[in-house]
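The listed protein sequences derive, respectively, from chains A and B.
Count along the first sequence from 1, then add 360; that gives the number in this note's numbering.
Count along the second sequence from 1, then add 8; that gives the number in this note's numbering.
Glycine included, every Cβ here is placed at the ideal spot set by N, Cα and C.
Note that the coordinates shown come from a computational prediction; the quantities given were computed from them, not determined experimentally.
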Amino acid sequence: MAETADNIFKEFREHSVAEFFKKNRQMLGYSGKIRSLTTIIHEYVTNGLDACEDANILPEIHVKIKQLGNDHYQVTVSDNGPGIPKTHVGKVFAQMLAGTKFHRFVQSRGQQGIGASGCTMYGQITTGKPTHITTSAKKGKVYECDIMFDVKNNRADVSHEVDYEGDLKGTLVVAEFKDVTFNWSEYGPGEYLRRTAVANPHARIVFIAPDKQKFIYERVVNILPKKPEPSKPHPRGLTVDDFLDYAHSSKERTIKTFMTKTFDRVSSAKAKEVEGLTSIDFNRKPDSITWKDAEEVVDAIKKVKFLAPSTKELKPIGEKQIEKSILNVLEPDFHQVLTRSPSVYRGGVPFIIEAGIAFGGKAGRRGNGDAKVEVMRFANRAPLLFDAGADVITKTVNNIDWRRYHLKNMDSLPISIIVNITSTYVPYTSAGKQAISDEEEIRKEVTLALQDVGRKIGEHLRREYRKGEKAAKRSTLLRYVPETAGAIATLSGADKKKLELKLLKMVEDKFKNSGKADEEEGDE
Amino acid sequence: MAAKKSGVKVNPKQRDKEVSKALEGIGKEVAQEIMKSQSPNVQIPVRSLSNITFNEKQKQLQLGNAMSKRSFMNVAHSRKFMQTMLVTSWINKELVKEGITTSLRDMYYALKRTIPGTKENTVEEQGESDPIVIDLETMVDVLREELHLNADVRGRVVGNVVIKDRGDKVNWAKLGSGGWSIPSNIENIEFDSVDADYILLIEKNAAFERLHEDKFWKNENCILVTSQGQAARGVRRLTSRLSQEHNLPLYIFTDGDAYGWYIYSVIKWGSMNLAHVSDRLGCPNAKFLGLTMTDIDTYDLADYTIKAKDVDMKRAKELLQYPWFQKPEWQSEIKMMIKRGYKAELEALSSKGLRFITQTYLPDKIGNKDFLP
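Right, here's the structure in full:
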């Protein structure tokens with residue numbers, strides 16, 4: 361019996377999801393043993409944070425990594441979120457591309473809707489074991505189950521379901537993985553969580569490492585971040601393909617109304633202006649637009665001036681919040697933070713750069729021995745640990761002449777440089793989503809932000825240096841008082857004690873009022 | 009306080025009292041300032057080239073009027089101020105009042121100790137305490153010897169001279185091959201009898217030995233001095249006193265290079281570092297005998313010259329600029345040396361025979377009064 365086209369297609373599709381994952385593991389963050397484990401932690405923690413924030417709950421995330429064998433670990437992550445309704449547990453943990461954020465024009469931490477399902481899949485293909493979920497979506501009711509990924513049907517295979525009474529809050533995931541490794545490098549889960557804590561001062565994060573070390577990052581901000589709102593795309597950010605997609609899925613009756621309703625900052629007057637630059641009648645139906653038409657429209661859009669995109673949807677971390685988390689996590693001797701005003705890249709994508717510098721304390725990267733400078737990169741609060749060399753933030757940090765800010769030998773100083781980009785669309789260099797591409801406007805904003813905090817740090821260092829210098833001068837003078845007084849007493853016959861007391865008082869007076877201290881200094 | 013003028017004899021004990029009073033005066037002044045809550049300070053004449061002038065009339069390098077202020081409350085000065093007080097107090101108490109004379113090195117060790125409660129010493133090296141002595145000399149206008157400190161002891165002398173030194177009568181004609189070793193302090197030497205027509209000062213010890221062995225001083229009736237390199241204070245003070253108190257011409261005989269000529273310059277006009285005592289150490293009537301570039305031609309020594317090094321050329325170019333080397337004779341000599349690019353040691357004369365110096369060269373030069381000013 362000959363197979364029908366439907367059957368062939370079905371077969372093709374069933375295989376494709378598993379094949380897609382297996383073949384693109386590295387694209388999704390599952391490349392290398394250390395990175396794989398960090399990716400797993402990232403997916404679970406991100407899900408937990410998002411779940412809490414969506415439900416207006418201040419997040420508390422517990423992460424435990426336990427070593428079971430060589431390259432074999434058990435990961436336990438729990439949150440205090442709203443829990444997952446029974447019917448959705450499978451979708452969250454075992455259905456690719458089922459995320460709620462996919463295809464929305466909104467600022468978000470998440471990756472591309474692979475998320476927790478990717479973890480389930482990875483655990484399953486490396487250990488053959490299911491992921492165990494415990495969740496409570498209703499007060500007092502707990503639901504537990506094992507989840508396997510039914511690859512053929514791209515859906516969950518749920519088993520060992522149990523319902524009972526209990527007072528669990530949120531969701532608890534336990535899963536095993538092989539072909540992963542834990543270490544304390546700057547690419548490991550420990551660093552990932554430390555940085556997550558820096559960017560999420562409203563969360564309490566507890567981490568128990570394989571060696572039983574416990575890290576607690578306390579919540580220092582008791583207000584949830586404002587929820588980012590979905591926004592309309594700005595016309596200047598559109599590609600021909602984007603435009604065609606939007607047009608064909610529009611239910612508007614004319615191209616004109618489609619344009620004004622779908623895109624940000626497009627008034628009827630602006631739509632008319634665009635129309636005038638094309639040979640297209642904007643009273644046509646939007647689904648009648650051809651590729652060629654779309655090209656013409658996108659070209660015309662480039663010639664028309666639009667208001668800059670609205671930036672109200674962007675919710676940066678905020679200066680106060682970053683400051684609090686820096687003090688909490690890094691306990692620096694001093695620090696500076698800055699949130700820049702919103703800006704726009706590629707003509708249509710709004711973004712905000714935030715930067716901070718922390719000096720001393722626990723700031724800086726501690727390997728073996730002394731602290732070194734570290735650059736913490738974040739995109740929408742999510743730490744970016746990999747591909748640092750390709751990232752515009754790293755490049756900008758390296759291009760700044762830090763000596764101008766009293767930071768000589770920058771590399772070997774205990775400094776953490778923090779940069780967060782908040783945007784509805786973060787331009788990554790590759791599908792790995794670990795490096796932000798070198799957009800001119802982003803580079804400029806990062807540079808200005810870092811120069812600003814750098815300048816303030818420099819001023820601070822200069823002040824500290826002067827203070828130290830003054831103290832040193834005072835102690836120099838005090839040191840010479842007794843010998844000087846003694847010699848003068850011997851020479852003149854005056855009373856040594858009196859001379860000494862007078863001199864001591866003169867020195868103390870000189871350094872009491874700060875202004876006079878610098879007069880008449882210099883060589884003879 | 010007025011310095012002791014050359015040739016004027018003062019009772020040494022009396023002089024010590026004056027010096028001590030001057031030193032104590034420094035202490036009293038700063039003590040008063042402290043009691044008035046003013047930053048204690050001392051004023052010290054500046055000894056850099058900028059404050060040194062050449063007095064054409066007196067033929068002396070002289071210290072100008074520029075003063076620098078060393079103040080305790082100025083952090084850049086306070087350590088030096090402390091050291092100034094320590095040195096002044098120590099010299100007054102331990103040397104001048106006790107009538108003891110010692111060396112700069114001894115003083116350094118006597119002052120060196122750890123400042124209580126620190127890891128710092130009052131003086132770390134002799135280079136710190138030595139300049140303070142010169143500071144004191146200029147501040148109160150006294151000679152180092154009057155502070156009971158000896159300078160380097162270098163130089164010897166022979167001739168028909170009898171002196172009194174610490175009660176001993178010393179006849180310079182009867183001291184065998186060594187001659188009289190010139191001490192640092194010449195102030196209290198008394199000249200009993202001086203029988204000489206002139207003084208010949210030789211830079212090099214070897215040439216001095218040669219002349220002494222040939223009894224040159226006896227035959228020529230002169231006083232023979234060697235400075236053994238740059239002239240120490242004792243040599244300068246001795247030649248200054250002899251030439252001025254006994255009205256003797258002074259002839260200087262050095263190598264034919266910029267360094268030799270500078271030795272002459274220091275003896276005649278004074279040095280930059282000790283410009284404040286030029287009047288006591290200088291010998292304005294000194295004349296330069298040789299070696300000159302002209303001598304090399306006259307006595308056919310060109311084959312015995314040495315190629316001048318970069319430092320020689322540099323030094324020569326510096327001499328060319330000094331105000332006290334502006335006489336046309338000197339300008340022409342120095343320029344000749346720079347042009348030829350060679351120098352000559354006074355031993356070059358020995359190429360003409362070991363006794364050429366004593367039998368031909370010196371009698372010729374002195375007889376013909378072939379000198380440079």
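Opposing strand residues paired with residue i [DSSP bridges]
{"i": "F427/A", "result": "The identity of residue 427/A in the sequence shown is Gln, whereas the question assumes Phe. Looking at the DSSP assignment, Q427/A forms a beta bridge with Y433/A."}
{"i": "P743/A", "result": "F738/A"}
{"i": "M508/A", "result": "D517/A"}
{"i": "H492/A", "result": "D506/A, V534/A"}
{"i": "N129/B", "result": "T122/B"}
{"i": "E420/A", "result": "R564/A"}
{"i": "M75/B", "result": "P53/B"}
{"i": "E198/B", "result": "K172/B"}
{"i": "L380/B", "result": "F296/B"}
{"i": "F354/A", "result": "Past the boundaries of the shown model lies residue 354/A; chain A is included only from 361 to 884, so the question cannot be answered."}
{"i": "N158/B", "result": "S111/B"}
{"i": "C230/B", "result": "Y206/B"}
{"i": "N179/B", "result": "V170/B"}
Chain A contact residues for residue i, given Cβ-Cβ distances below 8 Å
{"i": "K276/B", "result": "Simply none; closest approach about 30 Å."}
{"i": "M90/B", "result": "Y840, E843, T844, A847"}
{"i": "N5/B", "result": "Only positions 9 to 381 of chain B appear in the structure, and residue 5/B is not among them; the question remains open."}
{"i": "R323/B", "result": "Those within 8 Å of R323/B in chain A number zero; the least Cβ separation is about 28 Å."}
{"i": "S137/B", "result": "Within 8 Å Cβ-Cβ: nothing; S137/B doesn't reach chain A, min ~13 Å."}
{"i": "T126/B", "result": "R839"}
Cα-Cα separation, residue i to residue j
{"i": "L112/B", "j": "D305/B", "result": "45 Å"}
{"i": "Y940/A", "j": "L744/A", "result": "Only positions 361 to 884 of chain A appear in the structure, and residue 940/A is not among them; the question remains open."}
{"i": "Q427/A", "j": "I568/A", "result": "11 Å"}
{"i": "Q236/B", "j": "D320/B", "result": "19 Å"}
{"i": "K276/B", "j": "V285/B", "result": "12 Å"}
{"i": "E154/B", "j": "C230/B", "result": "30 Å"}
{"i": "K616/A", "j": "V566/A", "result": "53 Å"}
{"i": "T807/A", "j": "P595/A", "result": "27 Å"}
{"i": "D771/A", "j": "F333/B", "result": "58 Å"}
{"i": "Q329/B", "j": "F62/B", "result": "12 Å"}
{"i": "V131/B", "j": "I778/A", "result": "50 Å"}
{"i": "L388/A", "j": "M481/A", "result": "12 Å"}
{"i": "K870/A", "j": "S835/A", "result": "12 Å"}
{"i": "L71/B", "j": "G818/A", "result": "47 Å"}
{"i": "A316/B", "j": "G846/A", "result": "54 Å"}
{"i": "I194/B", "j": "H156/B", "result": "12 Å"}
{"i": "T406/A", "j": "K572/A", "result": "23 Å"}
{"i": "T122/B", "j": "E128/B", "result": "6 Å"}
{"i": "D24/B", "j": "L94/B", "result": "19 Å"}
{"i": "K675/A", "j": "T541/A", "result": "35 Å"}
Per-residue burial, residue i [other beta carbons within 10 Å of its own, 16 or more giving buried]
{"i": "A458/A", "result": "Caution is warranted here: a pLDDT of 47 is assigned to A458/A, below 50, making its placement in the model unreliable, and no coordinate value can be reported."}
{"i": "H520/A", "result": "exposed"}
{"i": "F199/B", "result": "exposed"}
{"i": "I108/B", "result": "exposed"}
{"i": "G636/A", "result": "exposed"}
{"i": "K351/B", "result": "buried"}
{"i": "D624/A", "result": "buried"}
{"i": "H85/B", "result": "buried"}
Per-residue contacts from residue i into chain A (C-beta, under 9 Å)
{"i": "L5/B", "result": "What is shown of chain B runs 9 to 381, which leaves residue 5/B out entirely."}
{"i": "M115/B", "result": "Going along chain A, no residue has its Cβ under 9 Å from M115/B, so there is no contact; the nearest lies around 14 Å."}
{"i": "S189/B", "result": "Within 9 Å Cβ-Cβ: nothing; S189/B doesn't reach chain A, min ~35 Å."}
Chain A contact residues for residue i, given Cβ-Cβ distances below 7 Å
{"i": "A39/B", "result": "I848, S852, A854, L859"}
{"i": "K36/B", "result": "S852"}
{"i": "L354/B", "result": "Under the 7 Å cutoff, chain A gives no residues; its nearest Cβ is about 41 Å from L354/B."}
{"i": "V83/B", "result": "K833, T836, L837, E881"}
beta-carbon residue i near the ligand ATP non-hydrogen atom, thresh 6 Å
{"i": "A718/A", "result": "Looking at this structure, you won't find the ligand ATP or any other ligand, since it has none at all."}
Interface residues of chain B facing residue i [CB-CB closer than 7 Å]
{"i": "K870/A", "result": "M81"}
Contacts of residue i in chain B (Cβ-Cβ under 8 Å)
{"i": "M866/A", "result": "I42, S45, S47, M81"}
Closer than 9 Å at the beta carbon, the chain B residues around residue i
{"i": "K827/A", "result": "Simply none; closest approach about 15 Å."}
Uninterrupted alpha helix (DSSP H) stretches inside the segment 540-574 of chain A (no shorter than 4 residues)
Restricted to the segment 540-574 of chain A, the alpha helix (DSSP H) segments that are unbroken, complete and at least 4 residues in length are 549-559, listed in chain order.
Can you list the beta strand (DSSP E) stretches of 3 or more residues lying completely in the segment 742-788 of chain A, in chain order?
Fully enclosed beta strand (DSSP E) runs of 3 or longer: 742-744, 775-783.
Note down, one range per segment and in chain order, each alpha helix (DSSP H) of at least 4 residues found wholly within the segment 634-719 of chain A.
Within the segment 634-719 of chain A, complete alpha helix (DSSP H) segments of at least 4 residues are found at 651-663, 679-689, given in chain order.
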